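First comes the structure, then the notes that go with it.
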Amino acid sequence: MLIFILCLLLIFLLYAFIPSYINKQKFFNKKHKNENAIYLTFDDGPSEYTEELLDLLKKYDVKASFFCVANFAKERPELIKKMQEEGHYIALHSLRHKNFMLQGVGQTKRDLEDSIKIMKELGVDIKYYRAPWGDTNFYLLQALKKKGLQLIYWHVMAEDWEGNTTKDVICQKLLSRTKGGDIICLHDGRGENEAPFRTIQALKMALPLFLEKGYEFKTIDEYEI
Ligand SMILES: [Zn+2]
208 MLIFILCLLL
218 IFLLYAFIPS
228 YINKQKFFNK
238 KHKNENAIYL
248 TFDDGPSEYT
258 EELLDLLKKY
268 DVKASFFCVA
278 NFAKERPELI
288 KKMQEEGHYI
298 ALHSLRHKNF
308 MLQGVGQTKR
318 DLEDSIKIMK
328 ELGVDIKYYR
338 APWGDTNFYL
348 LQALKKKGLQ
358 LIYWHVMAED
368 WEGNTTKDVI
378 CQKLLSRTKG
388 GDIICLHDGR
398 GENEAPFRTI
408 QALKMALPLF
418 LEKGYEFKTI
428 DEYEI
């Protein structure tokens, strides 16, 4: 029994934990261009909050990148169209938001292929990918490389998914943590206690302040890896 458990643990370490960890650290440790741009990205949508977010971005003429969950995108094709029409960049955040560290080769392959297919049917050719929680596995990393998809992580999070945070805390975290060239990761879906609502309220305060500081918002396809 003990040997069986040790074997499972070893497989998990070699297949999921170690490749995922190394890849994540490689991205986090890499020095990026300290430019005047910031890259606003949204995960976990589209949702019932996305339309209000799109209207806010339009108000300030800010372009963002949306890492969509394919099954959610399938339910709200009108929002995908709106994102495209308003000049945002659409990328992929898996099929159903499951953790890849706990998925085998077959599940990972199906997740990746089905999600790319759904996005293609919605008129989106996927080039950039962010795994849920940034967690990957050995197969996913190889498959993304083979398909020519670029894996994107983030530099700034504001824990905007937390149920007990406030719009002021999110705004303050965004302003104090962000520097030129950073990728900011926020969420327009999922989260606790209507979290995306607070994210939008925080952005209502943060966007004009970022613009006042002279930052330019760019989309992820303009990011130099
Ligand atoms: Zn996510």
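The sequence shown begins at 208 in my numbering and counts up by one.
Built from N, CA and C at the ideal position, the CB exists for glycine as well.
In this text, all values refer to a predicted model and were calculated from it rather than measured experimentally.
How long is the line joining the alpha carbons of Cys275 and Ala223, rounded to whole angstroms? Against the sequence shown, residue 275 aligns to sequence position 68. Against the sequence shown, residue 223 aligns to sequence position 16. Using only the alpha carbons, I get a separation of about 23 Å.
Taking 8 Å as the threshold (C-beta atoms), are Pro226 and Gly396 in contact? Reading the sequence shown from its first residue, position 189 is the one you call residue 396. Reading the sequence shown from its first residue, position 19 is the one you call residue 226. Contact: no.
Taking its Cβ as the centre, do 16 or more other Cβ atoms sit within 10 Å of Gln310, making it buried, or is it exposed? Position 103 of the sequence shown, counting from 1, holds the residue named residue 310. Buried, since its Cβ has 16 or more Cβ neighbours within 10 Å.
For Glu423, list the residues DSSP reports as bridge partners. Taking the sequence shown and counting its residues from 1, one reaches residue 423 at position 216. Under DSSP, Glu423 forms a beta bridge with Ala244.
Quick one: what's Ile297 bridged to in DSSP? Position 90 of the sequence shown, counted from the start, is the residue given in the question as residue 297. Its beta-bridge partners are Phe273.
Quick one: is the Cβ of His300 within less than 7 Å of any heavy atom of ligand 1? By one-based count along the sequence shown, residue 300 stands at place 93. The answer is yes for His300.
DSSP beta-bridge partners for His394? Start at 1 with the first residue of the sequence shown, and residue 394 comes out as number 187. Asp250.
What I want to know is whether the C-beta of Pro339 ends up closer than 7 Å to one or more non-hydrogen atoms of ligand 1. For the purposes of this step, residue 339 is identified with residue 132 of the sequence shown, where counting begins at 1. Under cutoff, so the answer is yes.
Nearest-angstrom Cα separation, counted from Phe279 out to Glu285: By 1-based counting over the sequence shown, the position of residue 285 is 78. By 1-based counting over the sequence shown, the position of residue 279 is 72. Those two C-alpha atoms are separated by around 12 Å.
Between Trp340 and the rest of its own chain, which residues show a CB-CB distance below 8 Å, the 5 nearest in sequence each way excluded? The residue labelled residue 340 in the question sits at position 133 within the sequence shown. The residues Asn306, in chain order, have a CB closer than 8 Å to that of Trp340 in the same chain once the five nearest residues on each side in sequence are set aside.
Taking Cβ to Cβ, would you say Thr315 is nearer than 8 Å to Tyr346? As a first step, residue 315 is located in the sequence shown; it is residue number 108 there, counting from the start. As a first step, residue 346 is located in the sequence shown; it is residue number 139 there, counting from the start. Yes, these two residues count as a Cβ contact at 8 Å.
Using a Cβ-based criterion (distance less than 7 Å to any ligand heavy atom), does Asp251 qualify as near ligand 1? As a working note, residue 251 is residue 44 in the sequence shown. Checking every heavy atom of ligand 1 against the Cβ of Asp251, one is found closer than 7 Å.
Since Gln357 sits in a beta bridge, which residues does DSSP pair it with? Taking the sequence shown and counting its residues from 1, one reaches residue 357 at position 150. Beta-bridge pairing links Gln357 to Tyr335.
Just grab the DSSP bridge partners of Val363 for me. On the sequence shown, position 156 is the one that residue 363 refers to. Beta-bridge analysis with DSSP links Val363 to Ile391.
Outcome for Thr248 when other beta-carbon atoms lying within 10 angstroms are tallied against a minimum of 16: Translated into positions along the sequence shown, residue 248 becomes position 41. Its Cβ being crowded by 16 or more others within 10 Å, Thr248 is buried.
For Tyr222, which of helix, strand or coil comes out of DSSP? Looking up residue 222 in the sequence shown gives position 15. In the structure shown, the three-state DSSP call for Tyr222 is helix.
Excluding the 5 residues flanking Thr426 on each side, which residues of the same chain have their C-beta closer than 6 Å to its C-beta? Position 219 of the sequence shown, counting from 1, holds the residue named residue 426. Lys270, Ser272 and Tyr296, listed in sequence order.
Report back the beta-carbon spacing between Tyr256 and Phe424 to the nearest angstrom; my notes put them in contact at under 8 Å. In the sequence shown, the residue the question calls residue 256 occupies position 49. In the sequence shown, the residue the question calls residue 424 occupies position 217. So it is not a contact: roughly 19 Å between Cβ atoms.
Arg337 and His300: beta carbons closer than 8 Å? For this step, residue 337 is matched to residue 130 along the sequence shown. For this step, residue 300 is matched to residue 93 along the sequence shown. Pairing Arg337 with His300 gives a Cβ-Cβ distance under 8 Å.
Does the beta-carbon of Thr373 have 16 or more other beta-carbons within 10 angstroms, so that it is buried, or is it exposed? The sequence position of residue 373 within the sequence shown is 166, counting from 1. Thr373 is exposed by the Cβ-count criterion.
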